[in-house]
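Below: the structure, in structure tokens.
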Amino acid sequence: MKINPRTIAIGVIFITAAIWGVTFVTQKIAGEHMGAFTYNGARFLLASITLIPAIYLLEKRTLRTQNEQNPPTRKTTWLAGAFGGIIIFFAANLQQFGIILSDSPSAAGEAGFITGMYIIFVPILGLFLGRRVRGLVWVSAALAFGGLALITIGPGGLATIQTTDMLLVACAVFWAVHILLIDRFANQIKPITFVAVKFLVCGALSAAAALIFESPALQHLIDGLWVLLFGGVVASGLTYTLQTLAQRHVEPALAAIIFSLEALFAALSEALFLGDTMTPQKYLGGGIIFIGILLAQHKKKKPPD
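And the structure:
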């Protein structure tokens with residue numbers, strides 16, 4: 017029996033979302049072995065190297081489907097990749113600090129939901145680029161911030177909000193800026209090369225910051241080798257390649273909804289692997305954020321001509 021390529025692609029996207037969710041847990045574990053900058057430096061440099069085979073094996077096929085009259089250029093790809101690398105340097109490190117410095121036992125699960133707010137920030141930040149924002153997006157934003165309050169505000173009121181929670185909100189803003197950058201240059205770049213350059217720049221900046229602000233040691237990298245391999249090879253290099261292949265067969269709206277499940281996978285994997293669970297209030301907050309994320313991705317169907 018022949019399986020529909022779209023069905024396979026949906027399964028691949030689902031697995032990718034699950035891997036990204038588990039990555040929040042491995043990031044928490046990485047904090048036990050090395051600093052945030054050290055982790056992201058090693059992780060993203062490794063991810064950049066991992067993508068080299070994909071550039072040679074997959075990118076030529078991808079480019080054949082693009083506009084031959086206006087082909088992507090190496091210069092634009094590297095410039096966009098450099099800007100993207102700077103942006104994810106801030107996004108990834110804010111996220112890592114938000115996870116490892118938190119004293120919450122459910123830091124990874126909470127980070128998954130808060131980081132997912134980038135989907136709502138994208139259309140709001142788009143206002144600065146002259147884009148209209150649908151009314152439903154504002155409803156989504158209100159729900160998301162209400163859910164954020166449930167996650168971050170404890171019995172002691174506003175005083176219980178942690179700095180790490182605000183780091184994660186800032187991280188979500190940077191991921192939103194990153195998406196807008198991709199949207200701006202999508203048809204002018206070589207996609208896999210762009211990601212490899214982006215990872216290379218982020219990894220180099222993180223490694224430099226590690227040398228300045230941390231005391232990285234080879235033993236630290238060896239002790240945390242498996243989380244580095246998972247974060248660099250599996251959660252970055254492999255999943256991006258899978259995403260590139262799968263999204264050829266799945267419409268963007270459905271793919272975005274499945275990818276947003278990473279927040280749920282983060283909470284579930286934390287409970288499964290670390291035994292840490294969020295309180296009912298925080299699960300409620302995460303659920304409300306997730307509803308807001310789904311609403312932000314809903315678009316009205318155009319009436320048939």
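Just so you know, we're using this note's numbering here: the sequence shown kicks off at 17 and counts up by one. Quick reminder that beta carbons are idealized off the backbone N, C-alpha and C, glycines included.
Buried is the label assigned to alanine 70, since at least 16 other Cβ atoms lie within 10 Å of its Cβ. Going by C-alpha positions, phenylalanine 113 is about 31 Å away from valine 149.
Note that the C-beta distance between valine 211 and glycine 97 is below 9 Å.
By the neighbour-count criterion, in which a residue is buried when 16 or more other Cβ atoms sit within 10 angstroms of its Cβ, proline 139 is buried.
The three-state reading of DSSP puts threonine 180 in helix, counting H, G and I together. Between the stretch 19–33 and the stretch 192–205 there are fewer than three inter-stretch CB-CB distances shorter than 8 Å, so the stretches are not counted as touching. For proline 207, the enclosing alpha helix (DSSP H) stretches over residues 207–229. By the Cβ-count criterion, glutamate 48 is exposed, with fewer than 16 other Cβ atoms from all chains shown falling within 10 Å of its own Cβ. The beta-carbon separation of glutamate 230 and phenylalanine 53, rounded to 6 Å, stays under the 8 Å limit for a contact. No residue range can be given for arginine 147, since it is assigned to no alpha helix (DSSP H) and is classified by DSSP as neither H nor E. DSSP places asparagine 56 in the uninterrupted alpha helix (DSSP H) bounded by 52–66. Within a 10 Å sphere around the beta-carbon of asparagine 56 sit 16 or more other beta-carbons, which makes this residue buried.
If you draw a straight line from the Cα of serine 118 to the Cα of leucine 216, it comes to about 28 Å. In the three-state DSSP reduction, proline 21 falls in the helix class (H, G or I). Residue state for alanine 262 is assigned as helix, using DSSP reduced to three classes. Annotated three-state conformation of aspartate 199 is helix, per DSSP.
The beta carbon of phenylalanine 40 is closer than 6 Å to those of Ala124, Ala127, Gly128 and Ala282 in its chain, skipping five residues each way along the sequence. Counting every other CB atom within 10 Å of its CB across the protein chains shown gives glutamine 235 a total below 16, marking it as exposed. Between the stretch 24–36 and the stretch 217–226 there are fewer than three inter-stretch CB-CB distances shorter than 8 Å, so the stretches are not counted as touching.
Using a Cβ distance threshold of 9 Å, isoleucine 130 and valine 185 count as a contacting pair. Leucine 311 sits away from leucine 164, with the two beta carbons spaced by 9 Å or more. Note that the C-beta distance between glycine 253 and isoleucine 45 is not below 9 Å.
Taken atom to atom, the span from the alpha-carbon of asparagine 203 to that of isoleucine 305 is near 31 Å. Between the alpha carbons of phenylalanine 201 and threonine 255 lies a gap of roughly 21 Å.
As the crow flies, the alpha-carbon of phenylalanine 161 is around 33 Å from that of alanine 63. Taking cysteine 187 as the centre and dropping the five residues before and after it, the same chain places the C-beta of Ala107, Leu110, Gln111, Gly114 and Thr131 closer than 7 Å to its C-beta, in chain order. DSSP places threonine 93 within a helical segment (H, G or I) once states are collapsed to three. Using a Cβ distance threshold of 9 Å, tyrosine 134 and alanine 58 do not count as a contacting pair.
Note that the C-beta distance between phenylalanine 275 and alanine 33 is below 9 Å.
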